[in-house]
Structure formats: structure tokens, C-alpha cells
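One structure is given here, and the rest of the page talks about it.
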Amino acid sequence: MNYTLENLLAEVLRRVSPAPEDRRRIKGLAERLKDRVEGALKAAGLHGELRVEGSLAKNTWLTDSADIDIFIRVPPEVDREAFGTDYLKAAKEATTGFEQIERFSEHPYLEVLVNGVRINVVPCYSVEKGAWKSATDRTPFHTDYVKPKLDDELCGQIRLLKQFMKGIGVYGSEMKVGGFSGYLCELLILHYHTFLQALKAASSWRPRTMIYLEDSKLTVEEYEGNLVIVDPVDEKRNAASAVTKQRLNEFIGASREFLNQPRLTFFYPPGIPSLSTEILLQTFNQRGTTLAFIEFKKVNAVSDVVWGQLYKSQRVLRRLVEAHDFHVVSDGVWADETCRGIFLLELEERQKPLMQKTIGPPLQMKEECENFLRKHSASPSTLWGPKIEGDRWIVGITRKYSEIVKLLRSELKKGGREKGIAELVSRAFTDEPGILIGEEIVPFYRKNKDFAEFLTEHLYGRPRWLKMNLTRSESL
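For what it's worth, our numbering labels the leading residue of the sequence shown as 11, then goes sequentially.
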């Protein structure tokens, strides 16, 4: 269906704006849970002020993501250990009968699922502005800063920006995503006023663009991050510090493309059906590359810690194979909810020649040339030379690893910790990591739907919001 820009935004806004009955239902659920937690605290003799925070409190939530955040503001003299003992126990008592999941960010909190709605019960300290004792202490101040500045129009613009970011895959500040939080979306609309103005501005952002909503004497050099958005309730904090360079650039690129060719697919990208096994193998052959899959067992840690270590290990693996002259086309990492998963390395080649050409020093560097000749002239690994080529000594030596599986098995033996693999990931490798090449991945691909979707999207390469031939996925 073809839309004018105005009609397109109106259609998206219609889809993401909660209906009056949904607002009443979610608000009623939040109040009931808040009252139950308050009652449980009183029964346990615990002190705390309860507040509903987040997008529900500010009326910026999306129809399909009605998360409820209930914060318990605890007196500052309470020991933080009580967050994970007394207060967590009271939250569990209040939500008995519902599915409960203990989560951990900077400290423990409780996630509860009620009729498909996620409720987070989070303790924080009741402190004065700036006297933070934990990261979550700022959240009530964020609500108090944003909420009075909003009206229905601005709430709608925030919803458009959130859905756009969800559609292009940059929404969420958790480590796995490394994108924009809901609070960042709210700050961007408060600063730029409309969704389109925010996209126009983002289209021209330069590295380490700095945005501030309140007067600040601090300069961009005093912050870390790829984008700097000064937190208006704490000017020493960069509210955009979680945004990775990759997600920032994806937002910039998608903003430019949307302004050139606005389409509904930016907000609701089409799914890419997983390739059949036959097409998958055809794709491997068409690319002519080598796909190496490195399996790891369950990593026991909270999600942010796990994904931080997975991404670090992914970078180490890439550097490791490149250091041995293997050329990486692309790489990635997939993990399921148990944090068991696979690293993927797509290489230009599986096998390298046994002989590797090594270039020595220029002839004018007399001492270095002597050392080079001393090292290689009688070495059993020398296959060719040394000889002079142009103004340098060169030599052909036996390559340490000429085949990618041998390289990975040897370098990752005992987990690869000494090579830089993150500690928890190193423990998740077996003594001899499972390494699959190309079609050897097919049995795992067939039985794991999520991995099949991940690999299909990796092989496709193009972001789903980018205008494309929709039949391409059938002939990858």
C-alpha cells in the first residue's frame, strides 16, 4: 500500500498508540501490583516509597510493549544487600501465583509476567538529586523531568521514534543490542520536538555529536561514548553511553534513507523466511567462502555480562584468525535464552599455502638485515630464500597454520583464555571446541529455528528495512 508521508506517520501512530481500554487495563494492573507490593513491605516491616516509573508513568509506551516498572525507593541507610534479600522476598510474596524471574542489573530485581505483561519490581535509594548510591536512583528523577514537559503531541512523536528504532533494530540499551533506551528517545524528542526533525538532525550527526537539554559547562571531551547526550538530571552522565558505534551508524543511515524514501517497512520490517536446507547449501556454494561455526556451552551469568563477554570474544576470534593471514569476510555470534550458542566466521578461504612470504628489512638497515639473515638462513622452517627483491630481503617460510580448523582447535585449546577469550566464554568452550565447517552445520540448523533465522539473515546481509527485491531470500 502506498502512503503519503503524512498518512504513513498517522498509520504508524494509530498502531502504536494504546487504545483507551488498554490504558485503563494496564494502569489498573500497575496500581493493583503496586498496592500488593506495598502491603507486602508493610507486613515485613520494611520501609519504602512505591512509584510507577518508565514509559507507563510518562505515557510513552507502545501498544505491543506495555512493560510496568514499579520502583521501591528505599531509605539510604538500608544496606544494599537487603535489595536482594528482604525487598526481593517481599516482592515475591506480593506476586505469588505469577511467573517470577530474578534479574540482576547493578543489583537484584524481580521480573513478573502477568497475562503477557512484564512487570519489573526494582529497588532503588530515596536520595537527593546528585547523591546517587545506585544507578537506578536516577529513574524517578528522569520521570519527574520528562513527564511535566510532555503533551499528547510529544508523546505521539516519542512513540513514532521508538517504533522506528525498533523496526531498524537499534532500540534497547541492553548489552545485546547496544542501542537507544526509551529515555533517550524521550530526550531526543524534547530536544528536536518532532520525529521528522529528530531524523533530519541525526542524518547530519558527526562523530561524538553532543546534545544537551539544560545549560552545561562541560565539554564533549569530558564524556565517553560515540554520541553524547547529557543527562539533564545528572550532567556528569552521558545518557547515550550505551549506544555502540554500529547502532549509531545504523540509525544515521536509516534516518537518511527514510527521509529519501519513507516506507512502512522502517517501522515494521518484513520477515525473512529461513532458507530451506537445499537453498542454504546452494548459497554456501554460490558464495565460495568458508563458514566456520564454533560451538560453546551454556554461559552462566546475567544477560548483560554474557553478551559483553560474547562480543569481546568475537573480536578476539576475528583478530586471531587475521593474525594468521586468514581474511574475514564477516563474523557474528548467536546465543539462545540459555546463552548456549555459536560464533560464526566467514572466511575467504579454508586453506592457505604451506609457504608464507615474509618481507624483511630494507637493505639500508644493515643491522636489521644481519639479524634477518641470521634468523632465516639456517632455519628448518625456511622453504625459499632468503633473497633480495627490490631493496629488501625476503624469505618463504613454513606457515604455522595452513588450515582454519587446525588453527582454531590449537589456539582455542583449553578455552583460549590466554589468547584473550573472555573468562566465562572460555569456560563454556569444551577442551576441544566443536568446530563445524559449511554444510556440517545443517543438522543444528534444521533443529533450531532461532539459529536458522539468524544464519539466514546473516547470509542475506542487507538490513530488512532497506528497499529490496522481496524474492531475493528465495534465491540467496
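Just so you know, even glycine gets a beta-carbon here, dropped at the ideal spot from N, CA and C.
Between which residues of its own chain and residue 151 is the CB-CB distance below 7 Å, once the five residues before and five after are set aside? One-based indexing of the sequence shown puts residue 151 at position 141. Same-chain partners within the cutoff: 139 and 243.
Cβ separation of residue 393 and residue 404, assumed to be a contact under 8 Å, to the nearest whole Å: The residue given as residue 393 occupies position 383 in the sequence shown. The residue given as residue 404 occupies position 394 in the sequence shown. Their Cβ separation, rounded to whole angstroms, is 12 Å, which puts residue 393 and residue 404 out of contact at 8 Å.
Is residue 240 helix, strand or coil by DSSP? Position 230 of the sequence shown, counted from the first residue, corresponds to residue 240. In the structure shown, residue 240 sits in a strand (DSSP, three-state: E or B).
Would you identify the three-state DSSP class for residue 227, choosing helix, strand or coil? Counted from its first residue, the sequence shown places residue 227 at position 217. Three-state DSSP puts residue 227 in coil, outside helix and strand.
Just the C-alpha distance for residue 16 and residue 362, rounded to the nearest angstrom, thanks. Stepping through the sequence shown from its first residue, residue 16 is reached at position 6. Stepping through the sequence shown from its first residue, residue 362 is reached at position 352. For residue 16 and residue 362, the gap between their C-alpha atoms comes out near 56 Å.
Could you please give the first and the last residue of the uninterrupted alpha helix (DSSP H) stretch that includes residue 420? Residue mapping note: residue 420 aligns to position 410 of the sequence shown, counting from 1. For residue 420, the enclosing alpha helix (DSSP H) has its first and last residue at 414-421.
Span of the alpha helix (DSSP H) holding residue 195? Taking the sequence shown and counting its residues from 1, one reaches residue 195 at position 185. Run containing residue 195: 192-202, per the alpha helix (DSSP H) assignment.
Going by beta carbon distance, what residues of the same chain come within less than 7 Å of residue 250, once the five residues before and after it are set aside? Locating residue 250 in the sequence shown gives position 240, where the first residue counts as 1. The answer, listed in chain order, is 194, 235, 237, 238 and 239.
Just checking, does the region 323-330 make contact with the region 383-402 on the three C-beta pairs under 8 Å criterion? Result no; under three Cβ-Cβ pairs closer than 8 Å.
Does the Cβ-Cβ distance between residue 365 and residue 409 come in under 8 Å? Along the sequence shown, one-based indexing puts residue 365 at 355. Along the sequence shown, one-based indexing puts residue 409 at 399. Closer than 8 Å, so yes.
Alpha carbon to alpha carbon, how far is residue 484 from residue 153? The residue labelled residue 484 in the question sits at position 474 within the sequence shown. The residue labelled residue 153 in the question sits at position 143 within the sequence shown. Because the pLDDT of residue 484 is 36, which lies under 50, any placement of that residue in the model is unreliable, and the number read from its coordinates should be weighed accordingly. Straight-line Cα distance between these residues: approximately 47 Å.
In angstroms with no decimal places, state the Cα-to-Cα distance between residue 341 and residue 212. Taking the first residue of the sequence shown as 1, we reach residue 341 at position 331. Taking the first residue of the sequence shown as 1, we reach residue 212 at position 202. Their backbone Cα atoms lie some 28 Å apart in a straight line.
Where do the ends of the beta strand (DSSP E) carrying residue 23 lie? Taking the first residue of the sequence shown as 1, we reach residue 23 at position 13. Per DSSP, residue 23 belongs to no beta strand (DSSP E); it is in the alpha helix (DSSP H), 15-26.
Residue 173 classed as buried or exposed, judged by whether at least 16 other C-beta atoms fall within 10 angstroms: What you label residue 173 is simply residue 163 of the sequence shown in a count that begins at 1. Residue 173 should be labelled buried.
What does DSSP give as the partner residue(s) for residue 341 in the beta ladder? Taking the first residue of the sequence shown as position 1, residue 341 is located at position 331. Per DSSP, 355.
Using the rule of at least 16 other Cβ atoms within 10 Å of the residue's Cβ for burial, across every protein chain shown, is residue 248 buried or exposed? Counting from 1 along the sequence shown, the entry for residue 248 is found at position 238. It counts as buried.
For residue 366, which beta-bridge partners are listed by DSSP? Locating residue 366 in the sequence shown gives position 356, counting from the first residue. When DSSP reads this structure, residue 366 sits in a beta bridge with 407.
First and last residue of the alpha helix (DSSP H) that includes residue 281? As a position in the sequence shown, residue 281 is number 271, starting the count at 1. Unbroken run through residue 281: none, as it is neither H nor E.
From residue 89 to residue 122, what does the alpha carbon distance come to, in whole angstroms? Position 79 of the sequence shown, counting from 1, holds the residue named residue 89. Position 112 of the sequence shown, counting from 1, holds the residue named residue 122. C-alpha separation (whole angstroms): 24 Å.
In chain order, what residues of the same chain have a beta carbon less than 8 Å from the beta carbon of residue 219, not counting five sequence neighbours either side? Your numbering for residue 219 matches position 209 in the sequence shown. Closer than 8 Å at the Cβ level, and outside the excluded window around residue 219, lie 237 and 238.
For residue 285 and residue 275, believed in contact at Cβ under 8 Å, the rounded distance: Sequence index remark: in the sequence shown, residue 275 carries index 265 (1-based). Sequence index remark: in the sequence shown, residue 285 carries index 275 (1-based). The beta-carbon distance between residue 275 and residue 285, rounded to whole angstroms, is 21 Å. This is too long to meet the 8 Å contact definition.
Alpha-carbon spacing of residue 468 relative to residue 339, whole angstroms: One-based indexing of the sequence shown puts residue 468 at position 458. One-based indexing of the sequence shown puts residue 339 at position 329. Those two C-alpha atoms are separated by around 12 Å.
Classify residue 467 as helix, strand or coil using the three-state DSSP reduction. The sequence position of residue 467 within the sequence shown is 457, counting from 1. Three-state DSSP puts residue 467 in a helix.
Which word fits residue 80, buried or exposed, when buried means at least 16 other C-beta atoms lie within 10 angstroms of its C-beta? Here residue 80 refers to the residue found at position 70 when the sequence shown is read from its first residue. So residue 80 ends up on the buried side.
Within the same chain, show all residues whose beta-carbon is closer than 6 Å to that of residue 480, passing over the 5 residues directly before and after it, in chain order. As a first step, residue 480 is located in the sequence shown; it is residue number 470 there, counting from the start. Note on residue 480: pLDDT 41, under 50, position unreliable in the model; no value is reported.
Could you check if residue 337 is buried or exposed, using at least 16 other CB atoms within 10 Å of its CB as the buried criterion? The residue you call residue 337 lines up with position 327 of the sequence shown. Taking all protein chains in view, the Cβ of residue 337 is surrounded by fewer than 16 other Cβ atoms within 10 Å, so the residue is classified as exposed.
For residue 57, count neighbouring C-beta atoms within 10 Å of its own C-beta (all shown protein chains included) and say buried if the count is 16 or more, exposed if not. In the sequence shown, residue 57 corresponds to position 47, counting from 1. By the neighbour-count rule (16 or more Cβ atoms within 10 Å), residue 57 is not buried but exposed.
Quick one: residues in its chain with C-beta nearer than 7 Å to the C-beta of residue 486, no 5 flanking neighbours on either side, listed in chain order? Counting from 1 along the sequence shown, the entry for residue 486 is found at position 476. Because residue 486 carries a pLDDT of 38, less than 50, the predicted location of this residue cannot be relied on, and the following value inherits that uncertainty. Around residue 486: 285, 289, 293, 469 and 470.
Would you kindly check if the distance between the Cβ of residue 443 and the Cβ of residue 304 is under 8 Å? For the purposes of this step, residue 304 is taken as residue 294 along the sequence shown, with counting starting at 1. For the purposes of this step, residue 443 is taken as residue 433 along the sequence shown, with counting starting at 1. A contact, by the Cβ cut-off of 8 Å.
Run the CB neighbour count on residue 426, radius 10 Å, all protein chains shown included, and call it buried at 16 or more, exposed below. Reading the sequence shown from its first residue, position 416 is the one you call residue 426. Residue 426 is buried by the Cβ-count criterion.
Hey, residue 183 and residue 252 are a contact pair by Cβ (cut 8 Å); roughly how many whole angstroms apart? Numbered from its first residue, the sequence shown carries residue 183 at position 173. Numbered from its first residue, the sequence shown carries residue 252 at position 242. Contact between residue 183 and residue 252 is confirmed by a C-beta separation of about 4 Å, below the 8 Å threshold.
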